[in-house]
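First residue of the sequence shown? That's 1 in UniProt numbering, and the numbers climb one at a time after it.
Yeah, the Cβ is synthetic: ideal placement off N, Cα and C, and Gly gets one too.
Computed from a prediction, not measured in an experiment: that's the story for all the values here.
Notes to accompany the following structure.
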Amino acid sequence: MNIPQTIPRIDCKAFAKCGKKSLSHCRRYKLTDEECINCRLVHRRERNNYRTSPDGRLMKRCSICGEWYYLHRFYPRTLNRGEKVYSTFSSECRRCKSLKVSTYQKARR
Numbered sequence: 001m002n003i004p005q006t007i008p009r010i011d012c013k014a015f016a017k018c019g020k021k022s023l024s025h026c027r028r029y030k031l032t033d034e035e036c037i038n039c040r041l042v043h044r045r046e047r048n049n050y051r052t053s054p055d056g057r058l059m060k061r062c063s064i065c066g067e068w069y070y071l072h073r074f075y076p077r078t079l080n081r082g083e084k085v086y087s088t089f090s091s092e093c094r095r096c097k098s099l100k101v102s103t104y105q106k107a108r109r
């Protein structure tokens, strides 16, 4: 379960210009966090892949159908970049992925 962190992590190196919150927190919770709603210090084009629902749960947009779903509708992925390991989610929802695989399997037969 993803819980919003109000205090930056110990190993955080990128802070917002306000100095209170981490930069990733400001970007992710800019529309829902009370302190970050009126903040004009962070200027960045948002990727619009993730959003926080009003009940505090993270949502992601499917790259195929364009619908917004909760994260349990996406397959988990693990990326290895050098020594770091990142945990993320697939870009397409489970339904679109299964349709894509089933059409591929039918075409192979």
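In angstroms with no decimal places, state the Cα-to-Cα distance between threonine 88 and serine 22.
19 Å
Buried or exposed: which applies to arginine 28, given that a residue is buried once 16 or more other Cβ atoms fall within 10 Å of its Cβ?
buried
Determine which residues share a DSSP beta bridge with threonine 32 and list them.
Threonine 32 pairs with nothing; no bridge assigned.
Looking at C-alpha atoms only, which residue of Leu31, Ser90 and Tyr50 is the closest neighbour of leucine 79?
Taking only the C-alpha atoms, the option nearest leucine 79 is Ser90.
Within 10 angstroms of its Cβ, does lysine 60 collect 16 or more other Cβ (buried), or is it exposed?
buried
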